[in-house]
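Position 110 (the sequence shown) corresponds to 110 in UniProt numbering; numbering is contiguous. Backbone N, C-alpha and C define an ideal beta-carbon position, used for all residues, glycine too. All values reported here derive from a predicted model rather than from experimental measurement. Worksheet: one structure, shown below.
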Amino acid sequence: MSATLYQQIQQFYDASSGLWEQIWGEHMHHGYYGADGSQKKDRRQAQIDLIEELLNWAGVQAADNILDVGCGIGGSSLYLAQKFNAKATGITLSPVQAARATERAMEANLSLRTQFQVANAQAMPFADDSFDLVWSLESGEHMPDKTKFLQECYRVLKPGGKLIMVTWCHRPTDESPLTADEEKHLQDIYRVYCLPYVISLPEYEAIAHQLPLHNIRTADWSTAVAPFWNVVIDSALTPQAFWGLLNAGWTTIQGALSLGLMRRGYERGLIRFGLLCGNK
Numbered sequence: 001m002s003a004t005l006y007q008q009i010q011q012f013y014d015a016s017s018g019l020w021e022q023i024w025g026e027h028m029h030h031g032y033y034g035a036d037g038s039q040k041k042d043r044r045q046a047q048i049d050l051i052e053e054l055l056n057w058a059g060v061q062a063a064d065n066i067l068d069v070g071c072g073i074g075g076s077s078l079y080l081a082q083k084f085n086a087k088a089t090g091i092t093l094s095p096v097q098a099a100r101a102t103e104r105a106m107e108a109n110l111s112l113r114t115q116f117q118v119a120n121a122q123a124m125p126f127a128d129d130s131f132d133l134v135w136s137l138e139s140g141e142h143m144p145d146k147t148k149f150l151q152e153c154y155r156v157l158k159p160g161g162k163l164i165m166v167t168w169c170h171r172p173t174d175e176s177p178l179t180a181d182e183e184k185h186l187q188d189i190y191r192v193y194c195l196p197y198v199i200s201l202p203e204y205e206a207i208a209h210q211l212p213l214h215n216i217r218t219a220d221w222s223t224a225v226a227p228f229w230n231v232v233i234d235s236a237l238t239p240q241a242f243w244g245l246l247n248a249g250w251t252t253i254q255g256a257l258s259l260g261l262m263r264r265g266y267e268r269g270l271i272r273f274g275l276l277c278g279n280k
């Protein structure tokens, strides 16, 4: 990962994570609004529902040692550690996130079973065959080398263990390449959210076969999560969010002003919410 991109991602999340937690809580990911996206529910419940729906979809009923790749402030890590009475390790590029996740673990009396550290997902500081569940919820889009990222997830996964990866994708391009207008739309999203690029779900599936993961499954849940961005936009228009944005600085303000890019990306079918799971 280039030093410049590494610093951009770190600074983006260092600056914005406190405001996100203040407005939204501990889960820094999409919510689930039913398969057709029509269910009305509390925004935080929608985020918890996404975790549960993912576990059901992937057939995960137990886990002993979990790695959360791109852990944010520990939302998924702590939830999964508690649900499965498991050990959980979270990695992030943001020292602010790692410190807050550690604090939250103490508050939840989960310090003995969880740890959070600053680490690069493309060069993880863990031994081979360490974890029986590797969980990556909306971090793959930040990875400059998607193949290296998945190779690392595979390396640290125990034989028989399961990888669940959920990431932002662009539409499949097997029938028609991306148009110039679509490419520009993606570039605007990349610039705001510190992404090197995204790929399509079929491209991720091809990498997974090369690893080789077994029992590979993929799914596109774009319709189920798309309402999330309308809810985020509404929450950004409150006085509390406005003052928080002013204090958080320009990169966070720019991200808030660009929320419509993601909403329009879903509306036009360009942005896709891609799921992949498989066993080592």
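Give every residue of the same chain whose Cβ lies closer than 6 Å to the Cβ of Ala63, excluding the five residues on either side of it in the sequence, and list them in chain order.
Phe84, Ala86, Asp132 and Leu133
Identify every residue that forms a DSSP beta bridge with Gly274.
Thr167 and Asp220
Contiguous beta strand (DSSP E) assignments of at least 3 residues, all confined to the UniProt domain "Methyltransferase type 11" (67-165):
Runs found: 87-92, 114-118 and 131-137.
Indicate whether residue 290 and Glu141 have their beta-carbon atoms separated by less than 7 Å.
This structure cannot speak to residue 290, because the chain is shown only from 1 to 280.
Could you tell me if Ser139 is buried or exposed, where buried requires 16 or more neighbouring beta carbons within 10 angstroms of its beta carbon?
buried
If you follow the alpha helix (DSSP H) that Gln45 is in, where does it begin and where does it stop?
Arg43 to Ala58
Am I right that Phe116 and Ala127 are in contact with their C-beta atoms under 8 Å? What's the rounded C-beta distance?
Incorrect: roughly 18 Å between the Cβ atoms, too far for contact.
For Asn279: DSSP bridge partner residues
Lys162 and His214
How big is the Cα-Cα spacing for Val156 and Ala46?
The straight-line gap separating the alpha-carbon atoms of Val156 and Ala46 is approximately 30 Å.
Please confirm if the segment 187-197 is in contact with the segment 91-111, defined as three or more CB-CB distances below 8 Å between the two stretches.
no
Whose CA, out of Gln22, Tyr266 and Met28, lies closest to the CA of Asp220?
Considering only alpha carbons, the answer is Tyr266.
Taking the C-alpha atoms as reference points, what is the distance between Ser136 and Ala180?
30 Å
Tell me, please, whether the segment 207-218 touches the segment 11-19 by the rule of three or more beta-carbon pairs shorter than 8 Å.
no
Can you name, in chain order, every residue of its own chain whose Cβ lies under 7 Å from the Cβ of Phe149, other than the five neighbours on each side?
The residues are Ala121, Gln122, Gly140 and Met143.
Let me confirm a value: Arg113 is counted as buried when at least 16 other C-beta atoms fall within 10 Å, else exposed. Which label applies?
Flag for Arg113 reads buried.
For the alpha helix (DSSP H) that Asp181 lies in, which residues bound it at each end?
Ala180 to Tyr193
Do Ala58 and Ile216 have their beta-carbon atoms positioned less than 7 Å apart in this structure?
No, they are not a contact pair.
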